[in-house]
Amino acid sequence: MKKIAHRGISAQAPENTRAAFGKMVDLSVDWLETDIDMTSDGQLVLIHDSKVDRTSNGNGMVNHNSLLGLQKLDFGQWFDDQYTGERIVTLQWLINFINDHEFNVNFELKTEVKDEQQNFYLMRVHQALHQLNQTSQVIVSSFDVDLLKKYHELMPKIPIGLLIEGKLPTNIIEVAQTVGATYIHPDVSYLTEDQVKFLLSHGLKVNVWTVNEALLAEKLQRWGVHAIFTDFPA
Numbered sequence: 001m002k003k004i005a006h007r008g009i010s011a012q013a014p015e016n017t018r019a020a021f022g023k024m025v026d027l028s029v030d031w032l033e034t035d036i037d038m039t040s041d042g043q044l045v046l047i048h049d050s051k052v053d054r055t056s057n058g059n060g061m062v063n064h065n066s067l068l069g070l071q072k073l074d075f076g077q078w079f080d081d082q083y084t085g086e087r088i089v090t091l092q093w094l095i096n097f098i099n100d101h102e103f104n105v106n107f108e109l110k111t112e113v114k115d116e117q118q119n120f121y122l123m124r125v126h127q128a129l130h131q132l133n134q135t136s137q138v139i140v141s142s143f144d145v146d147l148l149k150k151y152h153e154l155m156p157k158i159p160i161g162l163l164i165e166g167k168l169p170t171n172i173i174e175v176a177q178t179v180g181a182t183y184i185h186p187d188v189s190y191l192t193e194d195q196v197k198f199l200l201s202h203g204l205k206v207n208v209w210t211v212n213e214a215l216l217a218e219k220l221q222r223w224g225v226h227a228i229f230t231d232f233p234a
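Going by UniProt numbering, the sequence shown opens with residue 1, and the numbers climb by one from there.
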């Protein structure tokens, strides 16, 4: 069972920062999960929340700020003073970092934009991911079914992960087929062994979020789960 670093080594460094990604090299962790959003001027950045409030000294929506504006914010001090000065990370920086260190990566699509702006966002992601070395394994995931459908049509060869918050819907197989999902990413809080067996029996792979307890991870491994997203991958 793989352990995927949730927003980098986010238990030891501020999430989705160069510090959190750099610790993956130190700990020899080879699977990363991160989140892609878009600025007001069309630049792709790595941040989980739609607002910058929780993880920086600024406030407001990511897509209401330019890249230059976001780069002026501190994304490290909220976590610990030793990380004061951490700046928002662009997807382009991470692509270069992944190619240098041969990571595998799960990109979660996160955006509040719609219609033509959403199509532009997907095209920008598509262009960026084309720069990855072929040695890297890639999964693209989202909670947004329509967004996944559009992305799968754009890049049908990249495996899709369907994120589920809360309980698995009764029509999970139909939804997975609709978006072309290879992976189901269920919420560990509601997952049962029978559900894992059901998904596996339909040829789907199961990557579970977010798992930070060793005993729980061991149980999931016995159930046949393929990977866990964790803040403690090493």
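Glycine residues also receive a C-beta, built at the ideal position from the N, C-alpha and C atoms.
Run through the DSSP bridge pairs and tell me what residue i is partnered with.
i           : result
H6          : E33
G203        : In DSSP, G203 forms no bridge with anything.
I139        : N106
residue 257 : The first residue shown for the chain is 1 and the last is 234, placing residue 257 beyond what the model contains.
V45         : D37 and T90
V208        : I228
I164        : According to DSSP, I164 bridges with nothing at all.
D187        : W209
K51         : M61
residue 235 : As shown, the chain starts at 1 and ends at 234. That puts residue 235 outside it, with no answer to give.
A181        : I160
For the candidate residues the options, whose alpha-carbon lies nearest to that of residue i?
i           : options                   : result
I164        : F103, A181, N133 and I47  : A181
F198        : I173, V25 and L122        : I173
Q92         : N104, F103 and L129       : L129
M38         : W31, V29, A20 and G69     : G69
F103        : Y121, K149, L200 and L132 : L132
K150        : S136, G203, A234 and M123 : M123
V138        : T34, D146, L200 and V196  : T34
V188        : H101, A217 and R18        : A217
G42         : H101, G22, M24 and V125   : V125
D30         : E15, S136 and F107        : S136
L27         : K3, F75 and I47           : K3
H185        : N207, F75 and N106        : N207
A234        : K23, T17, E15 and V179    : K23
residue 258 : V211, V179 and V25        : What is shown of the chain runs 1 to 234, which leaves residue 258 out entirely.
W209        : S141, Q177 and H152       : S141
E15         : V211, Q71, F75 and V25    : F75
I95         : N212, L200, R18 and V211  : R18
So, for residue i: in the same chain, excluding its five sequence neighbours on each side, which residues have a beta-carbon less than 8 Å away from its beta-carbon?
i    : result
D144 : L109
P169 : V175
L200 : V206 and G224
N99  : Q131, L132, N133 and S136
M1   : A217, L220, Q221, V225, H226, A227 and I228
Assuming residue i contacts residue j (C-beta within less than 8 Å), just tell me the rounded distance between them.
i    : j    : result
Y190 : K167 : 5 Å
A20  : A13  : 4 Å
G8   : L32  : 7 Å
I228 : L220 : 6 Å
M119 : G161 : Per the sequence shown, residue 119 should be read as Asn rather than Met. No, N119 and G161 are not in contact; Cβ-Cβ is about 21 Å, not under 8 Å.
V25  : H101 : 6 Å
Give every residue of the same chain whose Cβ lies closer than 6 Å to the Cβ of residue i, excluding the five residues on either side of it in the sequence, and list them in chain order.
i    : result
Q77  : T84
A11  : D231 and F232
G58  : V52 and L73
H202 : I173
Q177 : none
Which residues in the same chain as residue i place their Cβ atom closer than 7 Å to its Cβ, once the five residues preceding and following it in sequence are excluded?
i    : result
S40  : N63, H64, N65 and S66
D49  : T55
W223 : E193 and V196
K205 : T182, Y183 and H226
F97  : F21
L154 : L122 and H126
L152 : Here the sequence assigns His to residue 152, which means Leu is not the residue at that position. Counting only Cβ-Cβ distances below 7 Å, and skipping sequence neighbours, we find I160, V179 and G180.
Is it true that the stretch 103–116 meets the stretch 72–90, where meeting means three or more beta-carbon pairs spaced less than 8 Å apart? The answer is no - the stretch 72–90 does not touch the stretch 103–116, with fewer than three Cβ pairs under 8 Å.
Checklist entry - If we count Cβ pairs, one from each stretch, closer than 8 Å, do we get three or more for the stretch 87–98 versus the stretch 46–66? => result Verdict: yes, contact present.
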